[in-house]
Amino acid sequence: MFADKIGMCLAIPAKIIKINDQLAIVDFQGVKKEINISLVDVKTGDFVMVHAGFAIEKMEEDNVKEIKEYLK
Amino acid sequence: MEYKKILKNIQEKAERIDRPIRFMELCGTHSEVIAKYGIKNILPKNIQLITGPGCPVCVIDQSEIDIVTGLALAGIPIACYGDATNIPGSLGSLENARQKGARVFIVYDVAEALELSKKISNLVFWGIGFETTTVMTAWGIQNNLTVFSSHKLFPPAMEALLKNNKIRVDGFIDPGHVSAIIGTEVYEKFQIPQVVAGFEAKDVLRAIEMLLTQIITKEKKVENEYARLVKKEGNLKAKKVISEVFEVRNAFWRGLGEIKNSGLKIRKKYQHLDAEFIHRDLIAKIKKEIRPKKNTRLDSRGRPLVDARRVCRCGEVLQGIISSKQCKLFGKYCTPDNPQGACMVSREGSCNINFRFNE
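Top line first, the protein sequences correspond to chains D and W. Just so you know, we're using my numbering here: the first sequence kicks off at -7 and counts up by one. Just so you know, we're using my numbering here: the second sequence kicks off at 925 and counts up by one.
Structural data, given as structure tokens:
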């Protein structure tokens, strides 16, 4: 979906909406997509950084405000 | 407001240093951010940013491109990320092979390759990139995907750069998402100021300010500007997946040559999914075909210099020894539509970025 716009290492923050085992529906500012969450420990409502269909890391709670600003 | 403040700090600190300073951004995505926001133009005159070897497509060695293209031409279906299809090799690019009837599929992610492999038998996914993409390939292998691995480790390349006397660098802007996987601890062995940075313009500027502070206080440490994502120890789950599937081997890098323990090979346990093993006879045949003929001019590593690649200076550009514009091919014979070297192919390649943003 973002393939033609991004570099190899660009990732996008997203919010976990619904978890289904190793997969989760996430929200990229209104665009919903299924991603793989097997590399992170997350719950609904958490923010993750998504790279090529995978959540590569959970974003720290303390920084969610900052993350939301970036998303604006 | 915050931008103004950071820029003011950078200005003040640069004045205090009063000598030319060179920082290298190691990740291709940082290079793109720097070009896109015109960061080089707003920095004080004594601060220079140079592009490092962090464009995964750019550092793929010629021989690997030739092998994958050879496999495609021999009828093996190949799936890979889009950037990789246009790198010219001695058998042409994967895109050239596709035009000749080879089956080459561009995928956005490993999951897509895995889906494709259920419909297309013998499909080989060409795994390229550093730790960030490696973990996804490893997951694919665990889920029965056949892979040709060109994966590389980032820290050994940093070590190689630091050993090269031709390159003078005062500090590194360390990659963000590679670090999300491997953490920041691994960089502590390098005796140079370093800051792990995120991918907003603000992140890069903050990293520059932090590096300048280290130079003023004469410190050489690893700082983490991207703490909202990157942890000291990295992503342990991801590191475990990588080491379960891959083992370290020596690898060739374009421009940097052979670097010890910098490549990743699929472990014996997954040999049945390792394209290098499955197609070993075919690969041996391809290697024989691409071996240089007698009287061919050879490079320092005994490999042939052919056509435009004789003058393509991608290797020096990758190490920050020359800028793209110092290459005779740049902008005239080598453009994103007709790339002669890998640095012009990838959107993260230094030459491609220079061409698009006219830095």
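The C-beta atom is built at its ideal place from N, Cα and C for all residues, glycine as well.
Pick helix, strand or coil for residue i, following the three-state DSSP scheme.
| i | result |
| --- | --- |
| Leu15 (chain D) | strand |
| Ser30 (chain D) | coil |
| Thr36 (chain D) | coil |
| Gln1243 (chain W) | coil |
| Ala1175 (chain W) | strand |
| Asp1261 (chain W) | coil |
| Cys1267 (chain W) | helix |
| Asp1231 (chain W) | Confidence at Asp1231 (chain W) is low in this model, with a pLDDT of 48, below 50, so the placement of that residue should be treated as unreliable; the coordinate-derived value is given next. If DSSP states are grouped into helix, strand and coil, Asp1231 (chain W) belongs with the helices. |
| Val981 (chain W) | coil |
| Val1059 (chain W) | helix |
| Gly(-1) (chain D) | At Gly(-1) (chain D), the pLDDT of 47 sits below 50, so the modelled position is not reliable and the matter cannot be decided from this model. |
| Ala1104 (chain W) | helix |
| Glu49 (chain D) | strand |
| His1203 (chain W) | coil |
| Asp1198 (chain W) | strand |
Measure the Cβ-Cβ separation of residue i and residue j and say whether it is below 9 angstroms.
| i | j | result |
| --- | --- | --- |
| Ser1103 (chain W) | Val1154 (chain W) | yes |
| Phe20 (chain D) | Asp1033 (chain W) | no |
| Leu31 (chain D) | Asn1159 (chain W) | yes |
| Ile971 (chain W) | Ile1105 (chain W) | no |
| Val1120 (chain W) | Gly1100 (chain W) | yes |
| Leu1180 (chain W) | Leu1242 (chain W) | yes |
| Gln986 (chain W) | Arg1178 (chain W) | yes |
| Leu931 (chain W) | Glu949 (chain W) | no |
| Ser1247 (chain W) | Asn1282 (chain W) | no |
| Ile1190 (chain W) | Asp1198 (chain W) | yes |
| Ile874 (chain W) | Lys937 (chain W) | No answer is possible for residue 874 (chain W): the residues shown for chain W start at 925 and end at 1283. |
| Ile966 (chain W) | Val957 (chain W) | no |
| Leu1086 (chain W) | Val1172 (chain W) | no |
From what residue to what residue does the beta strand (DSSP E) around residue i run?
| i | result |
| --- | --- |
| Asn1185 (chain W) | 1181 to 1190 |
| Met948 (chain W) | 945 to 949 |
| Ile1030 (chain W) | 1028 to 1030 |
| Ala1003 (chain W) | 1002 to 1004 |
| Ile1097 (chain W) | 1095 to 1098 |
| Ser1073 (chain W) | 1071 to 1073 |
How is the alpha helix (DSSP H) around residue i delimited, first residue to last?
| i | result |
| --- | --- |
| Leu973 (chain W) | Where Leu973 (chain W) is concerned, there is no enclosing alpha helix (DSSP H), although the beta strand (DSSP E) it sits in stretches over 971 to 975. |
| Cys1275 (chain W) | 1274 to 1281 |
| Val1146 (chain W) | Run containing Val1146 (chain W): none in the alpha helix (DSSP H); it sits in the beta strand (DSSP E), 1146 to 1148. |
| Lys1024 (chain W) | Element bounds for Lys1024 (chain W): n/a, residue is neither H nor E. |
| Ser955 (chain W) | 952 to 960 |
| Ile989 (chain W) | 986 to 997 |
What I want to know is whether the C-beta of residue i ends up closer than 8 angstroms to one or more non-hydrogen atoms of the ligand PLP.
| i | result |
| --- | --- |
| Met51 (chain D) | Summarising the ligand content, the structure contains no ligands, and the ligand PLP is consequently not present. |
Would you mind giving the Cβ-Cβ distance between residue i and residue j, rounded to the nearest angstrom? I have them listed as a contact below 8 angstroms.
| i | j | result |
| --- | --- | --- |
| Tyr1150 (chain W) | Gly1122 (chain W) | 4 angstroms |
Short-range partners of chain D found in the region 1093 to 1126 of chain W, where Cβ spacing is below 8 angstroms: Pro1099, Gly1100, His1101, Val1102, Ala1104, Ile1105, Phe1123, Glu1124
Chain-ordered residues of the region 1152 to 1168 of chain W with a beta carbon less than 8 angstroms from chain D: Arg1152, Leu1153, Val1154, Lys1155, Asn1159, Lys1161, Ala1162, Val1165
Proximal residues, the region 1053 to 1070 of chain W versus chain D, C-beta separation under 9 angstroms: Gly1053, Phe1054, Thr1056, Thr1057, Val1059, Met1060, Trp1063
Positions along the region 38 to 54 of chain D whose CB lies within less than 7 angstroms of some CB in chain W: Met41, His43, Ala44, Gly45, Phe46, Ile48, Glu49, Met51, Glu52
Interfacial residues, the region 13 to 27 of chain D to chain W, with Cβ spacing under 8 angstroms: none
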